[in-house]
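Accompanying notes for the structure given below.
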Amino acid sequence: MRTCFVVCILQRYGKTGIYKGYMFGGPTIYVTSPEACRRVLMDDEHFVLGWPKAAMELMGRKSFIGISQEEHKRLRKLTAAPINGYEALNTYLQYIEFCVISALEKWSVMGEFEFLTELRRLTFRIIMKIFLGKESDVIMESLERVYTELNYGVRAMAINIPGFAYHKALKARKKLVEVLQAVLDERRELEGRDTGRRSKDMMDHLLEVKDENGRKLTDEEIIDVLIMYLNAGHESSGHITMWATVFLQDNPDIFKRAKEEQENIRKTMPPTQKGLTLKEIRKMEYLSKLIDETLRLVNISFVSFRKATTNVTINGYLVPKDWRIMLWYRSVHMDPEVYTDTKKFDPSRWDGPPPKAGTFLPFGLGSHLCPGNELAKLEISVFLYHFLLKYKLERVNPKCKVRYLPHPRPVDNCLARLVKLG
Numbered sequence: 182m183r184t185c186f187v188v189c190i191l192q193r194y195g196k197t198g199i200y201k202g203y204m205f206g207g208p209t210i211y212v213t214s215p216e217a218c219r220r221v222l223m224d225d226e227h228f229v230l231g232w233p234k235a236a237m238e239l240m241g242r243k244s245f246i247g248i249s250q251e252e253h254k255r256l257r258k259l260t261a262a263p264i265n266g267y268e269a270l271n272t273y274l275q276y277i278e279f280c281v282i283s284a285l286e287k288w289s290v291m292g293e294f295e296f297l298t299e300l301r302r303l304t305f306r307i308i309m310k311i312f313l314g315k316e317s318d319v320i321m322e323s324l325e326r327v328y329t330e331l332n333y334g335v336r337a338m339a340i341n342i343p344g345f346a347y348h349k350a351l352k353a354r355k356k357l358v359e360v361l362q363a364v365l366d367e368r369r370e371l372e373g374r375d376t377g378r379r380s381k382d383m384m385d386h387l388l389e390v391k392d393e394n395g396r397k398l399t400d401e402e403i404i405d406v407l408i409m410y411l412n413a414g415h416e417s418s419g420h421i422t423m424w425a426t427v428f429l430q431d432n433p434d435i436f437k438r439a440k441e442e443q444e445n446i447r448k449t450m451p452p453t454q455k456g457l458t459l460k461e462i463r464k465m466e467y468l469s470k471l472i473d474e475t476l477r478l479v480n481i482s483f484v485s486f487r488k489a490t491t492n493v494t495i496n497g498y499l500v501p502k503d504w505r506i507m508l509w510y511r512s513v514h515m516d517p518e519v520y521t522d523t524k525k526f527d528p529s530r531w532d533g534p535p536p537k538a539g540t541f542l543p544f545g546l547g548s549h550l551c552p553g554n555e556l557a558k559l560e561i562s563v564f565l566y567h568f569l570l571k572y573k574l575e576r577v578n579p580k581c582k583v584r585y586l587p588h589p590r591p592v593d594n595c596l597a598r599l600v601k602l603g
């Protein structure tokens, strides 16, 4: 994946791992080395979140990227448990598998279709069910379009003039807030009633949860958290699943080994067992390495931001107070001193001991590690398991160009045919 911006800096100034520049309307420090990234990510005393204005306004000032360290700890503690951990993942697995099997069957008779577009719809359906308990095609299609507009503005300059990405994204956020507020109001009306309507979802949990002081989340906190989770949940999983599938099809030997692992796992399942359990997921060792290698090559969150709380030194360089730090994860994942043959898709590079801290950052690091990382990998694993056993992907334009913003993707959204194998 393209790293031209960082490559130009390295060629001009040498490999120091830390550089000075001007980005998003203010002085910025670019951090590109594993050691420096780890230092910044693990040091909550000298560095706080420092996302640009566009991201702050669009994701919400009460979301994870817009609050203080203490509020972040509180919000993470209250919201992370329902989407990660054994109990949570076990609860969602059956629905994820149902959606995956249904989607693959549907796509196999569609002829040519945009693989990425359909994957994003699939992952959005899953995340909507988990968080809002919604399965309406009309609601999901409408919200998915709005999220697409929102994403184009997150990393844009905060220029609120008609025609600019940020202006369109602000209008998209307004629509999202209106929809989520309506759902929230509906849930509040149902609170306390024994309706027996369904099992609880993430919104129910957010309405009920209290911190150690008995304080509940406000509507603003709930809505901003949901906007962030829903966005990350379908964008990341959909894109990574697409690239993992493409890499598999482009590497027959890797495809063969991954398929053999899934066939062996299927053979060990009891005849009476109807679907996957977390026991089988944990046996997918090679598939897990394949996903990690995809995350290395195509890191959706290729950059994150911090701000210095005081004058601080990194690698011998002074970072002035209040300067923004841009952590360039993609340069870490493509560092030839860390990974050999960096552009090669090679799951076997993960056969040895786990990577040194700071050298593999697909979900961040430290107290701001992405809280939905386990759920994302579960979705991807379930999809690839069923794809490998029964299907192959035939791209219409395998050599088409790649567009890199807001996320790396083929310009044709991976136009393809899904062929069901005999």
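As numbered in this note's numbering, residues 182 to 603 make up the sequence shown, in order. Glycine included, each C-beta is placed from N, C-alpha and C at the ideal position.
Let me make sure I understand the geometry here. Which of Asn-394, Leu-361, Ile-435 has the alpha-carbon closest to that of Tyr-328?
Leu-361
Could you tell me if Met-291 is buried or exposed, where buried requires 16 or more neighbouring beta carbons within 10 angstroms of its beta carbon?
exposed
Boundaries of the alpha helix (DSSP H) in which Ser-289 is found, first to last residue
No alpha helix (DSSP H) holds Ser-289; DSSP gives it neither H nor E.
Backbone CA spacing between Phe-279 and Val-187 [nearest angstrom]:
42 Å
Measure the CB-CB distance between Arg-584 and Leu-230 and report whether it falls below 9 Å.
no
Terminal residues of the beta strand (DSSP E) in which Val-500 lies
498-500
Hey, how far is the Cα of Glu-226 from the Cα of Gly-547?
12 Å
How would you call Lys-243, buried or exposed, if buried means at least 16 neighbouring beta carbons within 10 angstroms?
buried
So Arg-336 is in the alpha helix (DSSP H); what residue range does that whole segment cover?
Premise fails: Arg-336 is in no alpha helix (DSSP H) and is neither H nor E.
Rounded to a whole number of angstroms, what is the C-alpha to C-alpha distance between Glu-293 and Phe-428?
19 Å
Using DSSP with H/G/I as helix, E/B as strand and the rest coil, what is Phe-526?
coil
Alpha helix (DSSP H) segment containing Ser-469, residue limits
466-478
Looking only at C-alpha atoms, which of Phe-541, Ala-425, Ala-262, Thr-272 sits nearest to Phe-564?
Ala-425
Which residue comes first and which comes last in the beta strand (DSSP E) that contains Arg-598?
596-601
Take Val-592 and list the residues in its own chain whose beta-carbon comes closer than 6 Å to its own, dropping the five residues that flank it on each side.
Cys-581, Lys-582, Arg-584
Supposed contact pair Ile-506 and Val-212 - C-beta distance, whole angstroms, cut 8 Å:
6 Å
Less than 9 Å separating the beta-carbons of Glu-299 and Lys-601?
no
Proximity to Ile-277 [Cα-Cα], best of Thr-260, Trp-288, Ile-308, Ser-485:
Ile-308
Start-end ranges of the beta strand (DSSP E) lying completely within the region 189-252, minimum 3 residues
199-204, 207-212, 228-230
Provide the residue(s) that pair with Trp-509 in DSSP beta bridges, ordered along the chain.
Val-484
In whole angstroms, what is the alpha-carbon distance linking Leu-586 and Tyr-333?
8 Å
Have a look at Glu-393 and Leu-365 and give me their C-alpha separation to the nearest angstrom.
23 Å
Quick check on DSSP: helix, strand or coil for Phe-345?
coil
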